[in-house]
Amino acid sequence: MKLKSVALVVACLPLATTAAADGLSHLPLLSDIAPAAVAISPHVPQMGAHWAEPANLPLGPIYCVIDGRVVCVEYMFLASEFAAATDWTGITPGMQTPPITQIDMEFKPDGAGPFQEPLYQLHLYFAESEVLAAH
């Protein structure tokens, strides 16, 4: 029985590799959803380059892009606005989103990019962690 299990795993390896390599093709192209977006950061491992329409900053949406595909949408919330009890309602992703695979919220005490004050970053991911790890 062990030999059959090993053979099955080995037979499936090419399928798993193909699925991981193709793990971005179902995601929307940045050029289709935000043609006016500009690059605001270089490639960040497991997220890609960050793009946004300048009028939407700092809140976002900020698009994380790998190979032209949007792998996540990010929002930045200034800590000073949290302290002031700001409400954020009706936030839109700027696109029809694929299924969300993971949500991360991180505190950045030194800010990020041109926003050099403490802030929180919220990332809504559409690609699997294994796929992102390859980028």
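Going by UniProt numbering, the sequence shown wraps up at 135, each residue one higher than the last.
Built from N, CA and C at the ideal position, the CB exists for glycine as well.
Between the C-alpha atoms of A55 and A37 there is a straight-line separation of about 10 Å.
Around H43, the same chain offers A49 as residues with beta carbons nearer than 6 Å, after the five sequence neighbours per side are excluded. The beta carbon of I33 sits closer than 7 Å to the beta carbons of V70, G94 and M95 from its chain, once the five residues preceding and following it are set aside; these are given in chain order. By the neighbour-count criterion, in which 16 or more other beta carbons inside 10 Å mark a residue as buried, E130 falls on the exposed side.
Note: G90 is not bridge-paired with any residue in the DSSP secondary-structure output. Comparing C-alpha distances from I40 to each of S31, F115, Q46 and W51 shows the shortest one belongs to W51. Take the alpha-carbon of Y120 and the one of P58: they are about 11 Å apart. The alpha carbon of L24 has as its nearest neighbour, out of P45, V65 and K108, the alpha carbon of V65. According to the DSSP assignment, D104 belongs to the beta strand (DSSP E) that extends over Q102 to K108. Counting only the Cα atoms, H123 lies some 6 Å from I103.
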